[in-house]
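What follows is one structure encoded as C-alpha cells, with my remarks underneath.
Protein chains: 2
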Amino acid sequence: MKLFIPGPVDVAEDVLQKMATPMISHRGKDVTKLQKSISEKLQKVFFTQNTILLSTSSGSGLMEAAVRCCTSKGAAVFSVGAFGDRWGKMAKSNGVPVDVFKVEPGIPTLPENVDKVLATGKYDLVTVTHNETSTGVMNPVREIGDVIKKYPDVIYCVDTVSSMGGIKIGVDECGIDICVTSTQKCLGLPPGLSICSISEKAVERAKTIKNRGLYFDLVELYTFVKEKDFQYPSTPSLPHMFALDYQLTKILEIEGLENRFKRHEQLAIRVREWADTYFKVLAKEGYQSLTVTTIENTRGIDVGTLVKSLEADGFLIGNGYGDLKDKTFRIAHMAERTIDEIDDLLTRINKKLGFKL
Amino acid sequence: MKLFIPGPVDVAEDVLQKMATPMISHRGKDVTKLQKSISEKLQKVFFTQNTILLSTSSGSGLMEAAVRCCTSKGAAVFSVGAFGDRWGKMAKSNGVPVDVFKVEPGIPTLPENVDKVLATGKYDLVTVTHNETSTGVMNPVREIGDVIKKYPDVIYCVDTVSSMGGIKIGVDECGIDICVTSTQKCLGLPPGLSICSISEKAVERAKTIKNRGLYFDLVELYTFVKEKDFQYPSTPSLPHMFALDYQLTKILEIEGLENRFKRHEQLAIRVREWADTYFKVLAKEGYQSLTVTTIENTRGIDVGTLVKSLEADGFLIGNGYGDLKDKTFRIAHMAERTIDEIDDLLTRINKKLGFKL
Chain A
420 MKLFIPGPVD VAEDVLQKMA TPMISHRGKD VTKLQKSISE KLQKVFFTQN
470 TILLSTSSGS GLMEAAVRCC TSKGAAVFSV GAFGDRWGKM AKSNGVPVDV
520 FKVEPGIPTL PENVDKVLAT GKYDLVTVTH NETSTGVMNP VREIGDVIKK
570 YPDVIYCVDT VSSMGGIKIG VDECGIDICV TSTQKCLGLP PGLSICSISE
620 KAVERAKTIK NRGLYFDLVE LYTFVKEKDF QYPSTPSLPH MFALDYQLTK
670 ILEIEGLENR FKRHEQLAIR VREWADTYFK VLAKEGYQSL TVTTIENTRG
720 IDVGTLVKSL EADGFLIGNG YGDLKDKTFR IAHMAERTID EIDDLLTRIN
770 KKLGFKL
Chain B
420 MKLFIPGPVD VAEDVLQKMA TPMISHRGKD VTKLQKSISE KLQKVFFTQN
470 TILLSTSSGS GLMEAAVRCC TSKGAAVFSV GAFGDRWGKM AKSNGVPVDV
520 FKVEPGIPTL PENVDKVLAT GKYDLVTVTH NETSTGVMNP VREIGDVIKK
570 YPDVIYCVDT VSSMGGIKIG VDECGIDICV TSTQKCLGLP PGLSICSISE
620 KAVERAKTIK NRGLYFDLVE LYTFVKEKDF QYPSTPSLPH MFALDYQLTK
670 ILEIEGLENR FKRHEQLAIR VREWADTYFK VLAKEGYQSL TVTTIENTRG
720 IDVGTLVKSL EADGFLIGNG YGDLKDKTFR IAHMAERTID EIDDLLTRIN
770 KKLGFKL
C-alpha cells in the first residue's frame with residue numbers, strides 16, 4: 420500500500436531497519452551521544468539555536484505541554500481547522516484560560532487578526548497551526564511572528580507537525596518560542612516520537628507556572644537535556660531515536676534540506692494544478708499547503724467510493740476530516756514521495772473518474 | 420552488549436524485526452484489528468476482564484494518568500523506593516492531594532499499614548509498586564488488594580512496570596483497578612509504549628474529575644477503545660504495536676505464560692542464591708523480586724569498577740539507583756534471559772572479585 424494520507428507516511432526501508440536496532444541502556448554515554456546528535460541535526464532542520472526536546476508521544480503530547488506549561492494570563496488559540504481546535508481542547512482540559520479564534524474552512528490566520536486579539540492585553544500565549552492537515556491551509560507564521568514581536572510577554576507556539584522537514588520554517592527568524600513537530604509526517608519516520616524547540620523565554624515562563632504535571636513538564640525535559648547531558652527523564656523510545664538520527668543524516672547530507680524543500684514544493688504544485696483543473700483547492704490562494712492538498716468536492720463525486728477503489732489498487736488517499744468528510748478529500752505529498760508517484764496516483768484518479776488527461 | 424539492567428532489556432531478533440514493519444493508516448480497519456488483537460492477548464497476560472488501554476509513552480505516562488484522573492479526596496502513595504516516590508511526585512506536580520508513606524530500603528508495603536492509612540477515611544486512591552526496581556522489593560499486591568476491598572470507594576492502582584509478563588499478577592483476583600506496565604521490561608520489547616488495564620469503577624471515578632488533560636485522559640483513551648472500535652485518540656506508535664502483537668503470541672503460544680513465569684522464578688532463585696553466598700539481598704526475605712535483585716554491597720567493593728569491567732566484556736549490570744548508588748548493585752533477570760546467561764554473568768563476577776566457585 421502506498422500512503423498518500425497526511426501521516427503516517429511511508430518510511431524508506433533503510434530507515435525502517437534502524438527501528439530494529441538492538442537496545443542500549445537509556446542512561447549511558449551512548450544515549451547521551453545519540454540524543455545530542457539528534458538535537459544538533461534538528462537545530463539545522465528547525466533553523467534554530469533554541470534547545471531541542473524529545474518526547475515519547477504523538478505531536479499532541481508536546482502541543483499540550485506547551486499550552487499547559489507556558490500560559491499564565493490566557494492562551495489565544497488561532498484555529499483554521501480540526502488541529503487548531505485541538506489546541507483549544509488541550510487548554511480547556513487542563514484548566515488553562517483560553518479563547519479560540521476560529522475561521523471558516525480554507526481561510527488562514529491573518530497577522531492583523533492576531534494583532535487585534537493581542538492588543539486586548541488578555542493573552543500571554545498564542546498558538547498557531549502552521550500547516551492545517553484538515554483544510555490544507557498554510558499560515559503565514561513569519562508575518563504572524565512579526566506581529567507577536569510587538570508583545571514581548573507573549574509566548575509564540577506553532578504546530579508544525581505536518582510541515583517541519585518538508586517546508587522551510589525559520590524558527591528563530593519567525594520568533595517561535597515553542598515549535599512542535601512529530602516524526603510521522605515530513606520527517607519520514609514512523610509515529611511515536613514528538614519534538615519541539617523551546618526558547619529560554621518559554622522555559623522562564625514555564626518555571627512560573629504551577630501544576631505543569633511531570634511527563635509533559637517542559638522544565639523537566641529541558642533540565643534533563645541541559646543538566647543531565649542530553650538525557651530524558653523516563654525511558655524514551657530508543658528505536659525512534661536510532662531511526663531519527665539516521666534519517667536526519669540522510670535529509671541533511673544525502674538529499675539536502677534545500678532539495679527536500681524544493682521537492683515538496685514541486686509535488687504540491689503538481690497536485691494543486693490537477694485539483695484546480697478538475698475540482699477546486701479548498702485553501703485560499705496564497706495560503707495553500709505544500710504538504711497536503713484538501714480538494715473541494717465541487718463535482719459531488721462519491722468520495723468514499725473513490726477512496727476504496729484506489730485502496731484496492733494499493734493507493735491510500737484521505738477522506739475529508741471531521742465535518743469536511745465527503746465534502747472534501749485529501750492528497751498528502753510529503754516525506755519521500757516523488758513526482759512519478761504523484762503522477763501515477765493522479766492518472767489513476769483521472770481514469771476512475773473518467774477525466775481526460 | 421548483553422543487558423542485565425532492569426530495562427531496557429534485550430529484544431529477540433525476530434521481535435526487533437517487527438519494529439521495521441511498513442506503515443499503515445492509524446484510522447483504518449487494520450489498526451482496529453491490531454489493537455483488538457493486542458488487547459485480547461494482554462487480558463490473558465493480566466488475568467483480567469478489564470479494558471486494556473495503550474499509550475505511546477513510557478510507563479510514567481499512564482502512572483501519572485491514573486493518579487491525576489482518578490483521585491478525588493486524596494491519594495495514598497505507598498513507596499518502597501524511587502519509583503514509589505515518583506508516583507508521589509506525579510500527584511504533586513498535578514496539584515492532586517497526596518500523602519506518601521515511605522519505608523526504609525528493602526522493606527515492603529504491608530497490608531496492615533495500608534489498612535491503617537485507609538481507616539483514616541482521607542484517601543480514595545491507593546498506589547502500590549508491585550516490583551520496585553531500585554530496591555528489588557516485591558510487594559504483596561494480592562494481600563493489599565484484600566485489605567482495599569474493605570474500602571469500596573478506593574481506586575487501587577499498581578505499578579507492574581518491571582514485573583508484568585514475568586510474574587503472575589492476577590489483576591481481577593487482586594482487585595486492581597488500574598494496573599500499569601510498559602513494554603521494555605518483562606514483556607521483552609523496546610521502550611516506547613505503556614499499557615494499563617482499567618476497571619469500570621476507575622472509569623466512573625475519572626468521569627467525575629475535572630482537568631484530566633487530554634493526552635493522558637483515561638476517559639478519552641477508554642472512549643476510543645469502546646466507542647471507536649479499538650482506536651487511539653492520536654497517532655500511536657505503530658511499530659511498537661506490530662512488535663507487541665507478535666511478541667504476545669510468542670509469550671502465550673510458544674513459550675506459554677506458565678513456563679515464562681517459571682523461568683523468571685528460576686533465574687531469580689539462581690541470582691539470589693549467589694547474592695546470599697557472597698553479599699546480601701537488600702530486600703527482606705519473602706518480599707524479594709523475581710525480576711531484579713538488588714544486592715547490598717556488604718563487602719565494600721568498588722561497584723563502579725565492577726560495572727565498567729563487566730561492560731568491557733559486553734555485560735551490562737546496574738549500579739545502585741539514586742541514594743543506593745555504590746551501596747548496592749543490581750542484576751536484572753527478566754524478559755528472554757536464560758539460566759546459562761545468568762550463570763555466565765555470575766561466573767565472570769566471581770572471577771573479577773576473586774571469589775571461589
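Read top to bottom, the protein sequences are chains A and B. Mapping of the first sequence onto the working numbering: residues 420 to 776, in sequence order. Mapping of the second sequence onto the working numbering: residues 420 to 776, in sequence order. Glycine included, every Cβ here is placed at the ideal spot set by N, Cα and C.
- Bounds of the alpha helix (DSSP H) holding B:L676 are L676 to Y697.
- The beta carbon of B:I758 sits closer than 7 Å to those of Q685, L686 and R689, all from its chain and outside the five residues before and after it, given in chain order.
- For A:A439, the residues of chain B that pass the 7 Å Cβ criterion are L435, Q436, M438 and A439, in the order they occur in the chain.
- With 16 or more other Cβ atoms from the protein chains shown falling within 10 Å of its own Cβ, B:Q454 counts as buried.
- Closer than 8 Å to the CB of A:S479 there is at least one CB belonging to chain B.
- Here DSSP, grouped into helix, strand and coil, assigns A:T747 to strand.
- In summary, the residues of the segment 613 to 635 of chain A whose CB is separated from some CB of chain B by less than 8 Å are K629, N630, R631, G632, L633, Y634 and F635, in the order they occur in the chain.
- Listed in chain order, the non-local C-beta contacts of A:G503 below 6 Å within the same chain comprise T548, local neighbours out to five positions each way being set aside.
- For A:A439, no beta strand (DSSP E) segment is defined, and its DSSP state is neither H nor E.
- Per DSSP, B:A702 lies in no beta strand (DSSP E) and is assigned neither H nor E.
- Interface flag for B:D745 against chain A is unset, since no Cβ pair is found closer than 8 Å.
- With a beta-carbon spacing of about 7 Å, B:C605 and B:S581 fall inside the 8 Å limit used to define contacts.
- Of all residues in the segment 646 to 657 of chain A, the ones placed with a Cβ closer than 7 Å to any Cβ belonging to chain B are S653, T654, P655, S656 and L657, in chain order.
- For A:K508, the nearest beta carbon of chain B is closer than 8 Å to its own beta carbon.
- Counting only unbroken stretches of 4 or more residues, the alpha helix (DSSP H) elements lying wholly within the segment 603 to 665 of chain A are 619 to 626 and 637 to 646, in sequence order.
- Within chain B, no residue has its CB atom less than 8 Å from the CB of A:H683, the nearest being about 19 Å off.
- Contact holds between the segment 699 to 706 of chain B and the segment 521 to 540 of chain B, because three or more Cβ pairs, one in each stretch, are under 8 Å apart.
- Short of 7 Å from the beta carbon of A:P655, and not among the five residues preceding or following it, lie these beta carbons of its own chain, in chain order: H445, L473 and T475.
- Taking a 10 Å sphere around the C-beta of A:G773, we find fewer than 16 other C-beta atoms and assign the residue as exposed.
- When the beta-carbon positions are compared, B:G611 and A:P658 come within less than 8 Å of each other.
- With its beta carbon less than 8 Å from one in chain A, B:P427 belongs to the interface.
- Put simply, the segment 747 to 762 of chain B does not touch the segment 588 to 596 of chain B. Fewer than three CB pairs are less than 8 Å apart.
- Looking at the DSSP output, B:C598 shares a beta bridge with B:V577 and B:S616.
- Around the beta carbon of B:R487, 16 or more other beta carbons sit within 10 angstroms, so the residue counts as buried.
- Cβ-Cβ distances below 8 Å link B:S728 to K771 in the same chain, with the five nearest sequence neighbours on each side left out; the list follows chain order.
- Residue contact with chain B for A:Q603: present (Cβ-Cβ distance below 8 Å to some residue of chain B).
- The C-beta separation of A:T579 from A:T600 comes to about 5 Å, placing the pair in contact by the 8 Å criterion.
- A distance below 6 Å between beta-carbons, with the five flanking residues on each side excluded, links B:E755 to the following residues of its chain, in chain order: A431 and G607.
- B:Q707 sits in a strand when the DSSP states are folded into three classes.
- In the three-state reduction of the DSSP assignment, A:V515 falls in the coil class.
- A distance of 8 Å or more separates the beta carbons of B:S458 and B:G555.
- Nearest CB-CB separation between A:T475 and chain B: below the 8 Å threshold.
- Taking A:K448 as reference, the option from A:L663, A:Y651 and A:I761 with the minimal CA-CA separation is A:Y651.
- Contact annotation: in the segment 739 to 763 of chain B, no residue has its CB less than 8 Å from a CB in chain A.
- In the DSSP secondary-structure assignment, A:E715 is bridged to A:K699 and A:T747.
- With three or more CB-CB distances shorter than 8 Å, the segment 508 to 527 of chain B counts as touching the segment 551 to 566 of chain B.
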